[in-house]
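What follows is a set of notes on a single structure, which appears directly below.
Residue numbers (our numbering), protein chains in the order written: chain A, 1 to 99; chain B, 1001 to 1309; chain C, 2001 to 2411.
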């Protein structure tokens, strides 16, 4: 199959999520949120959201409950590090799979 | 008017699943820079980590028009975009699109400096953002003239860099541009506000964003924000604005200037493997350099205390 | 030049002007919207003249006084990408300095027009004429047209935008430094209204619009890759194939535009090649630019001495006019090519390309390659005559000749 169906004269791309594929496959650890410790989740009131603020991947929603898109989360651990309540822990992927 | 964290807009212009490294500070910075641009900008981007973050043909990771350009030409290419928009009658009014040149330190302080100097001298109507990870990170951590003294890089592997970095703030000041700022993704609201303010101005505007790099500086990916904060707490990075020649410190740097508490530089260097070979003499040199610069900024910002707008 | 019989010849009058002024006037008539200006001898007067037009309110363009030639072409690339018609001009070392942008503009398929006032490359420094500068960029993917006089310069600039904006390939309009750039000749100036009617407005093939964000000229992989909608998009090789395809197809567009220009303005320049007394020629002199014009004087002298000589002028060097040159040289027994440049280590570019084009032709003429006029060394018609006679003598005596033949090299 040739590429003539592509009408581009020169390189021109449109935006899409997952340009590098399912980058969740990069990680060795995944973030797990403890609802008992997470301030906005505990209080059911918007607040803190340091995880949303600092996620380099923009995979954390500023919502209650905190939701992390694990399809693309690269497992950097910044959210866990920055959470003032220690509500996020980085769990090894293989352990997470076994759960 | 400082934007509160929870008032920062939610809409994302940088899409997940892009090619940036895990824990990349440029990715954090990009989220807030693009939020402040509100989708009404054209990005002009040279060879850099940002090029890679932007995606490989035919998929883009950013919901903004983006023009890739040659490495030395960022400010010149952006000047051309600005000239073209002006010629087409598209550069004025409240809905005018901001032309944003967005380059790394290599593409700014080294190979891109001529074009930037030319554009600034002509006062081209562009917002130039330099994200500074202090080496040519995209090609494997070779030293640039933004690399700090003593840092190990792929081209200073044993002796560490032998020179202090170029002072881009002073260089841009020498060109008389109307707005210069430094910022850090560890303080997103400060970065956001500076981009939003720069957007309202005309002529050449320059923002230098410190961008800690886990693989290049040698720290775990989880510590990106922490290392950035340390850089400011130790005075290695200073948050400031120079608006029409008036310098003011902002955010954490302003607090440190007013209340003291600058930490020793060693605290910042200890958490990065790139400084592992720094001996006492180099450390003293570095600390002296940081102190001199810090004292200069503090003195200057105190001389003309202007209410922060 | 062929005068088109019975054609209406709209004119704004005849002016006695230099080649540089002709180029500037051409750009003005094309209503270029962004001009990038950087000085270099012998081009500087092009951009000086354009600044007079802009500051005098005669040309509504953004005039960007860049700080280098690398930035000059970068400005043009930026402007053209957002949809403005852009122009710059340079020579020699300036052209070399913008080399990566020359490749970029071609790969980005931007319809730029750039004047190259042909000048020798340093080292050592030399501000005088030869064609090494533009010839050294022949591989980048620009259309290259060589003008033989100042009338052709102004006409070719106007044609160039029409060609470029149709095929989305940038066009380099080349003309000899000093010989044309600084020499005054009578030039019939086309009227603005007629040029406006001849040249439609420019529509870019890609967009930079926040309402429909696209990312242009990203890192591209070796192999084709699927986009998010499931279309298999080009790999690098396919994008480059498209560039080659467009340049190959441009030969027909160049000829058609020249034809249309002739019908509109009463002057036609031959399309990709032109000839002078070549129909029954046994020996053909071949060159590009003003040297080909000088060769017509040599041909008249040779004819007067009984030689059946003719000129085939290369107007368009890229795309290389293979078929046209194969046809034009078919009946000759010898072609003497005069290159004003040299691919060091081999031969002059026109000569080498011609030999390649003729290798598949049965009973093709013998080709002798000469190097002439480097660094502004004057080339006189009698030197062309003597070189041709010497070549013919070698051919008739069956003696090989050492190539390239250096014309009036005084070593």
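No residue lacks a Cβ here, since even glycine has one placed at the ideal position from N, Cα and C.
Taking residue 2109 of chain C and residue 2168 of chain C to be in contact with their CB atoms under 8 Å, please state how far apart those CB atoms are, rounded to whole angstroms. Right, the Cβ-Cβ distance comes to about 4 Å (below 8 Å), so this counts as a contact.
Can you list the residues of chain C that residue 945 of chain B reaches, using a CB-CB cut of under 9 Å? What the structure shows of chain B is the stretch from 1001 to 1309, and residue 945 of chain B is not part of that stretch, so it cannot be assessed.
For the alpha helix (DSSP H) holding residue 1188 of chain B, just list the boundary residues, first then last. For residue 1188 of chain B, the uninterrupted alpha helix (DSSP H) segment begins and ends at 1188–1199.
In chain A, which residues lie with their C-beta within 7 Å of the C-beta of residue 2233 of chain C? Result: 3, 6, 8.
Determine the chain A residues that contact residue 2238 of chain C at a beta-carbon separation under 7 Å, and present them in chain order. The contacting residues are 3.
Using a Cβ cut-off of 9 Å, pull out every chain C residue sitting near residue 14 of chain A, in sequence order please. Going along chain C in sequence order, the residues near residue 14 of chain A (Cβ under 9 Å) are 2212, 2213, 2214, 2215, 2227, 2228, 2229.
Note down, in chain order, every chain C residue with its Cβ under 9 Å from the Cβ of residue 1062 of chain B. Within chain C, the residues 2213, 2215 have their CB atoms less than 9 Å from the CB of residue 1062 of chain B, given in chain order.
According to the Cβ coordinates, are residue 2164 of chain C and residue 2111 of chain C closer than 8 Å? Cβ distance < 8 Å, so residue 2164 of chain C and residue 2111 of chain C count as in contact.
Tell me whether residue 1283 of chain B sits in a helix, a strand or coil according to DSSP, three-state version. Three-state result, residue 1283 of chain B: helix.
Mapping the DSSP letters down to three states, classify residue 99 of chain A as helix, strand or coil. Per-residue confidence for residue 99 of chain A stands at a pLDDT of 48, beneath the threshold of 50, marking its modelled position as unreliable; the derived number appears in the next sentence. The answer is coil: DSSP assigns residue 99 of chain A none of H, G, I, E or B.
Counting only Cβ-Cβ distances shorter than 7 Å, please list the residues of the region 2181–2208 of chain C near chain A, keeping chain order. In summary, the residues of the region 2181–2208 of chain C whose CB is separated from some CB of chain A by less than 7 Å are 2205, 2206, in the order they occur in the chain.
Boundaries (first-last residue) of the beta strand (DSSP E) holding residue 2222 of chain C: In this chain, residue 2222 of chain C is not harboured by any beta strand (DSSP E), its DSSP state being neither H nor E.
Rounded straight-line distance, which links the Cα of residue 1289 of chain B to that of residue 1162 of chain B: For the pair residue 1162 of chain B and residue 1289 of chain B, the Cα-to-Cα distance works out to about 13 Å.
Minimum Cβ-Cβ distance from residue 1133 of chain B to chain A less than 8 Å: No, its Cβ sits nowhere closer than 8 Å to a Cβ of chain A.
When DSSP builds the beta bridges, which residues end up paired with residue 2111 of chain C? Under DSSP, residue 2111 of chain C takes part in no beta bridge, so it has no partner.
Residue 2342 of chain C and residue 2309 of chain C - do their beta-carbons sit closer together than 8 Å? For the 8 Å CB-CB criterion, residue 2309 of chain C and residue 2342 of chain C do not form a contact.
Could you spell out the range, first to last residue, of the beta strand (DSSP E) harbouring residue 2282 of chain C? Neither: residue 2282 of chain C is in no beta strand (DSSP E) and is coded neither H nor E.
Which residue from A:14, A:37, A:30 puts its Cα closest to that of residue 59 of chain A? Minimum Cα distance to residue 59 of chain A is reached at A:30.
Excluding the five sequence neighbours on either side, which residues of its own chain have a C-beta within less than 6 Å of the C-beta of residue 2338 of chain C, listed in chain order? Answer for residue 2338 of chain C: 2287, 2291, 2370, 2372, listed in chain order.
So the candidates are C:2155, C:2170, C:2123; which of them puts its Cα closest to the Cα of residue 2140 of chain C? Closest option to residue 2140 of chain C, Cα to Cα, is C:2170.
Suppose only complete runs of 3+ residues qualify. What are the beta strand (DSSP E) ranges in the region 2306–2332 of chain C, listed by chain order? As far as the region 2306–2332 of chain C is concerned, its whole beta strand (DSSP E) runs of at least 3 residues are 2309–2314, 2316–2318.
Does the region 1125–1135 of chain B come close enough to the region 1064–1073 of chain B to have 3 or more Cβ pairs within less than 8 Å? The region 1125–1135 of chain B vs the region 1064–1073 of chain B: no contact.
Are the Cβ atoms of residue 1107 of chain B and residue 1046 of chain B separated by less than 8 Å? Cβ atoms of residue 1107 of chain B and residue 1046 of chain B: closer than 8 Å.
Could you check whether the region 2260–2280 of chain C touches the region 2342–2360 of chain C, counting it as contact only if at least three pairs of C-beta atoms, one from each stretch, sit closer than 8 Å? Contact between the region 2260–2280 of chain C and the region 2342–2360 of chain C is absent: fewer than 3 CB-CB pairs across the two stretches fall below 8 Å.
Selection from C:2214, C:2209, C:2234, C:2211 that minimises the alpha carbon distance to residue 2221 of chain C: Of the candidates C:2214, C:2209, C:2234, C:2211, the one whose C-alpha sits nearest the C-alpha of residue 2221 of chain C is C:2234.
Across the region 2295–2308 of chain C and the region 2319–2327 of chain C, are there enough close Cβ pairs to call them in contact, namely three or more that are closer than 8 Å? Touching, no, given that fewer than three Cβ pairs across the two stretches are closer than 8 Å.
List the DSSP bridge partners of residue 1057 of chain B. In the DSSP output, where bridge partners are listed per residue, residue 1057 of chain B has none listed.
Since residue 40 of chain A and residue 47 of chain A should fall inside the 8 Å C-beta cutoff, what is the C-beta to C-beta distance between them, to a whole number of angstroms? With 8 Å as the limit, residue 40 of chain A and residue 47 of chain A qualify as a contact, their Cβ atoms being about 5 Å apart.
Does the beta carbon of residue 2062 of chain C sit closer than 8 Å to a beta carbon anywhere in chain B? Residue 2062 of chain C counts as touching chain B.
Between the region 1081–1089 of chain B and the region 1165–1181 of chain B, can you find at least three pairs of beta-carbon atoms closer than 8 Å? No, the region 1165–1181 of chain B is not in contact with the region 1081–1089 of chain B.
Indicate the three-state DSSP secondary structure (helix, strand or coil) for residue 5 of chain A in the structure shown. Correct three-state label for residue 5 of chain A: coil.
I'd like to know whether the C-beta atoms of residue 2089 of chain C and residue 2114 of chain C end up nearer to each other than 8 Å. Going by C-beta atoms, residue 2089 of chain C is nearer than 8 Å to residue 2114 of chain C.
Three-state secondary structure assigned by DSSP to residue 1102 of chain B: Residue state, collapsed to three classes: strand.
What is the rounded straight-line gap between the Cα of residue 2128 of chain C and the Cα of residue 2375 of chain C? Straight-line Cα distance between these residues: approximately 5 Å.
Find out if the Cβ-Cβ distance for the pair residue 2172 of chain C, residue 2144 of chain C is shorter than 8 Å. In this structure, residue 2144 of chain C lies closer than 8 Å to residue 2172 of chain C by Cβ.
Test: residue 1042 of chain B CB closer than 8 Å to a CB of chain C: With its beta carbon less than 8 Å from one in chain C, residue 1042 of chain B belongs to the interface.
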